[in-house]
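Q: This is the structure, below, for whatever I ask next.
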Amino acid sequence: MISDILVIIHDYWLLLLIGQYPNGPLGGLANTLILSALSIALAFPISIVLALARLSKWPILRWPVTVLVYVTRGVPLLMLILWSYFLVPLLTGADVPSFITMLTTLVVYQGAFLSEVVRAGIVALGNGQMDAGRALGHSYLGTMRYIILPQALYNMIPSILSTFVSTIKDTTLGYVINVPDLTFAASQVNNQLLTQPFQVFLILALVYYAICWSLTYVAHRLERRITRRRAGLGVRLAAVIAPAKIVSEQS
Amino acid sequence: MSTPELQQDLHAIRISKVSKRYGDFPVLKEINAEVTRGEVVVICGPSGSGKSTLIRTINRLEEINSGSISFDGRDIHAPMKTRELNRMRSRIGFVFQSFNLFPHLSVVDNVAMSPIRVKGVAPDVAHKKALLLLDRVGLADKANAYPGQLSGGQQQRVAIARALAMEPPVMLFDEPTSALDPEMVGEVLAVMKSLAAEGMTMLCVTHEMGFARDVADRIWFLDAGQILEIATPEEFFKHPRHPRAQRFLADLRH
Ligand SMILES: Nc1ncnc2c1ncn2[C@@H]1O[C@H](COP(=O)(O)OP(=O)(O)O)[C@@H](O)[C@H]1O
Ligand SMILES: [Mg+2]
């Protein structure tokens, strides 16, 4: 059993790592990680914009975004993926690669999810910081940018990491629209071997587990550190996100 | 017209017929009062009488339902571009009961940030100025500390320096010592006294009657959303005219 697994790894490690590349599209674990990282990198700024829109005093910004967030969070991710897969080519008339379809869907889904985290982080700071910023003459957006968001986003670092972990898990759903990721590569291996599905999918599970577990571990460590710092001393933190020294660039 | 200029010379702030409701509840009822340049006014009155609300309407942290508040010869509650409002606000220093320092910035950056971001002051100039202001409130050695590392009294002194960094002609204080341990009240009041001595126009909500007696030019007594008495400290403490003011002072002396 263990020897079967070692043999499979020995024979197929490159396929599992990068898919058909360079003879075909990049796939395997590399593609899974790229897809996850791109999703979160794009979803993060979008989530800030969505959160600000939801906190806006203008209904015209608040309403559409609230609907978007509720719909996105109320529908299974698989539904969203299938919708994008069938609807986007219909609407645009273009043949969209499955990678792009998956990426777009994940960005919308995680963007909506993270926006709620950002919003909660902003609300949790209370009114005092906004009052202080406004009283000094900062604009609303200036107060957000230099005072509220650096604190809220710093406090959010663990949540962002957790979202990254769930994004990695979510990319497996790309299998249904043939995104060439790690899961896809594993099923290719399985199709070639035919007789060892248990071994193949055990490898798959172990790889996902190792990645997600280590990231979750880092998230927990960070969370504890942030809680300690928020509690009082040594608030040196913000260097991570906010510039520690104020730079000369003007808004 | 020359009258507005004249007014501008005499009055830092003129509050005219200001009313405000929270739902059906009237918090401020037709308030009329003015602060002349260089004057130190102490606002006192029982808890819930509308002191915080009143002082927060002056820089429009609170909206009002009717009336006007003129500052710099302009009604800050008139419809205006937000940019204009921000500019007016930046000329009114505000010190909060709960300090509201920016915990993610060092002390010196707390003080220097707004001149840089709001007024476009060069960072090195702003930092030098911030250090001078910190020295003035006795905290030059804490420039690189973070707010979470300071005592309440130190934080409030930083908050005063932060407000002063914008070079406002007027400073508003909303119970600046109420959140402090008793042993720290003195250091904050000392900074406020020195400001008053330099001729700063100040409007302070405070229960520190010693400060009111020593420093205030006039006292406004607020009760249930109305200013019932405006008097010099001497008149107010010796011969309060209004029965509510008499009761308020009696309660303070218990
Ligand atoms: N946001 C609010 N919504 C409703 N009522 C409020 C609000 N803020 C203050 N009040 C009420 O307005 C009155 C005056 O409050 P405040 O100005 O804070 O009084 P003070 O500072 O004199 O203690 C109080 O009765 C308070 O309960
Ligand atoms: Mg109050």
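Read top to bottom, the protein sequences are chains A and B. Using the working numbering, the letters of the first sequence correspond one by one to residues 511 to 761. Using the working numbering, the letters of the second sequence correspond one by one to residues 28 to 281. Where is the CB? At the ideal position from N, CA and C, for every residue including glycine.
(1) Counting along the chain, where does the alpha helix (DSSP H) carrying S557/A start and finish?
(2) Check distances from the C-beta atoms of the stretch 99-112 of chain B to those of chain A and list, in chain order, the residues that come in under 8 Å.
(3) Are any of the Cβ atoms in chain A nearer than 8 Å to that of L88/B?
(4) Do A190/B and V122/B come within 8 Å of each other at the CB atom, strictly closer than that value?
(5) Can you find at least 3 beta carbon pairs, one from the stretch 628-643 of chain A and one from the stretch 556-565 of chain A, that sit closer than 8 Å?
(6) Using a threshold of 7 Å, is the CB atom of S724/A nearer than that to any non-hydrogen atom of ligand 2?
(7) Relative to ligand 1, what is the chain-ordered list of residues with a Cβ closer than 5 Å to any of its non-hydrogen atoms?
(8) Taking P660/A as the query, report the chain B residues whose CB atoms sit under 7 Å from its CB, ordered along the chain.
(9) Which residue comes first and which comes last in the beta strand (DSSP E) that contains W247/B?
(10) Would you mind telling me which residues of chain B sit closer than 9 Å to S649/A, beta carbon to beta carbon, in chain order?
(11) Less than 8 Å between the beta carbons of G529/A and A696/A, yes or no?
(12) Would you mind telling me which residues of chain A sit closer than 9 Å to S178/B, beta carbon to beta carbon, in chain order?
(13) Which residue spans inside the stretch 654-697 of chain A form an unbroken alpha helix (DSSP H) run of at least 4?
(14) Does the distance between the C-beta of D250/B and the nearest non-hydrogen atom of ligand 2 fall short of 7 Å?
(15) Secondary structure at T611/A, three-state DSSP: helix, strand or coil?
(16) Give me, in chain order, the residues of the same chain whose beta-carbon lies closer than 6 Å to that of S566/A; leave out the 5 immediate sequence neighbours on both sides.
(17) Spell out a yes or no on whether the stretch 243-255 of chain B and the stretch 67-84 of chain B are touching, meaning 3 or more CB-CB pairs, one atom from each, closer than 8 Å.
(18) For ligand 2, I want to know if D201/B counts as a neighbour, meaning its beta carbon is within less than 7 Å of at least one of the ligand's heavy atoms.
(19) So with Cβ pairs under 8 Å, would you call R644/A a contact of chain B?
(20) Is any beta-carbon of chain A found at less than 8 Å from that of S117/B?
(21) What are the start and end residues of the beta strand (DSSP E) that includes I70/B?
(22) Output yes or no for whether 8 Å exceeds the beta carbon distance between E322/B and R184/B.
(23) Name the chain A residues that come within less than 9 Å of F238/B, Cβ to Cβ?
(24) Can you tell me whether K47/B is helix, strand or coil according to DSSP?
(25) When burial is assigned at 16 or more other CB atoms within 10 Å of the CB, is D168/B buried or exposed?
(26) Would you tell me roughly how many angstroms separate the C-alpha atoms of R583/A and S594/A, rounded to the nearest one?
(27) Any idea what DSSP makes of S141/B, helix, strand or coil?
(28) What's the gap between the Cα of F129/B and the Cα of A172/B?
(29) Please determine if the stretch 193-206 of chain B and the stretch 224-240 of chain B are in contact, where contact requires at least 3 C-beta pairs separated by less than 8 Å.
(30) Given that a residue counts as buried once 16 or more other Cβ atoms are within 10 Å of its Cβ, and exposed if not, what is L743/A?
(31) Determine the DSSP secondary structure at T228/B, reduced to helix, strand or coil.
(32) Would V145/B be called buried (16 or more neighbouring beta carbons within 10 Å of its own) or exposed?
(33) Mind reading off the beta-carbon distance from I658/A to M640/A? Whole number of angstroms is fine, and I expect it under 8 Å.
A: With the given structure in hand:
(1) Taking the first residue of the first sequence as 1, we reach residue 557/A at position 47. Where S557/A is concerned, the enclosing alpha helix (DSSP H) stretches over G538 to L565.
(2) T109 and R110
(3) The sequence position of residue 88/B within the second sequence is 61, counting from 1. By this cut-off, L88/B is an interface position.
(4) The residue labelled residue 122/B in the question sits at position 95 within the second sequence. The residue labelled residue 190/B in the question sits at position 163 within the second sequence. Going by C-beta atoms, V122/B is nearer than 8 Å to A190/B.
(5) Result yes; three or more Cβ-Cβ pairs closer than 8 Å.
(6) Here the question's residue 724/A lines up with position 214 in the first sequence. Not under cutoff, so the answer is no.
(7) Y49/B, V54/B, S74/B, G75/B, S76/B, G77/B, K78/B, S79/B and T80/B
(8) The residue labelled residue 660/A in the question sits at position 150 within the first sequence. Chain B residues near P660/A: H131.
(9) One-based indexing of the second sequence puts residue 247/B at position 220. Annotation for W247/B: the continuous beta strand (DSSP E) segment containing it runs R245 to D250.
(10) By one-based count along the first sequence, residue 649/A stands at place 139. Residues of chain B passing the Cβ test: T109, R110, N113 and V145.
(11) Reading the first sequence from its first residue, position 19 is the one you call residue 529/A. Reading the first sequence from its first residue, position 186 is the one you call residue 696/A. Not a contact, by the Cβ cut-off of 8 Å.
(12) Here residue 178/B refers to the residue found at position 151 of the second sequence. Within chain A, no residue comes near S178/B; the closest Cβ sits about 12 Å away, beyond 9 Å.
(13) 659-680
(14) Mapped onto the second sequence, residue 250/B falls at position 223. Flag unset: Cβ of D250/B not near ligand 2.
(15) Position 101 of the first sequence, counted from the first residue, corresponds to residue 611/A. Helix at T611/A.
(16) Start at 1 with the first residue of the first sequence, and residue 566/A comes out as number 56. Contacts found: R572.
(17) yes
(18) For the purposes of this step, residue 201/B is taken as the residue at position 174 of the second sequence. Flag set: Cβ of D201/B near ligand 2.
(19) For the purposes of this step, residue 644/A is taken as residue 134 along the first sequence, with counting starting at 1. Yes, because at least one Cβ of chain B sits closer than 8 Å to the Cβ of R644/A.
(20) Working through the second sequence from its first residue, we reach residue 117/B at position 90. S117/B counts as touching chain A.
(21) Counting from one through the second sequence, the residue named residue 70/B turns up at place 43. Segment V67 to C71, the beta strand (DSSP E) holding I70/B.
(22) The first residue shown for chain B is 28 and the last is 281, placing residue 322/B beyond what the model contains.
(23) One-based indexing of the second sequence puts residue 238/B at position 211. Residues of chain A passing the Cβ test: none, with the nearest at roughly 22 Å.
(24) Within the second sequence, residue 47/B is the residue found at index 20, counting from 1. Residue state, collapsed to three classes: strand.
(25) Locating residue 168/B in the second sequence gives position 141, where the first residue counts as 1. It is exposed - the Cβ of D168/B has fewer than 16 other Cβ atoms within 10 Å.
(26) Counting from 1 along the first sequence, the entry for residue 583/A is found at position 73. Counting from 1 along the first sequence, the entry for residue 594/A is found at position 84. Computed Cα separation, rounded: 16 Å.
(27) Mapped onto the second sequence, residue 141/B falls at position 114. In the structure shown, S141/B sits in a helix (DSSP, three-state: H, G or I).
(28) As a first step, residue 129/B must be located in the second sequence, where it is residue number 102. As a first step, residue 172/B must be located in the second sequence, where it is residue number 145. Cα to Cα, F129/B sits roughly 12 Å from A172/B.
(29) yes
(30) The count along the first sequence starts at 1 and reaches residue 743/A at position 233. Note that L743/A has pLDDT 46, beneath the 50 cutoff, so the model's placement of it is unreliable and the number below is only indicative. Burial call: exposed.
(31) For this step, residue 228/B is matched to residue 201 along the second sequence. If DSSP states are grouped into helix, strand and coil, T228/B belongs with the strands.
(32) Here residue 145/B is taken as the residue at index 118 of the second sequence, counted from 1. By the neighbour-count rule (16 or more Cβ atoms within 10 Å), V145/B is buried.
(33) Sequence index remark: in the first sequence, residue 658/A carries index 148 (1-based). Sequence index remark: in the first sequence, residue 640/A carries index 130 (1-based). Contact holds; Cβ gap of about 6 Å.
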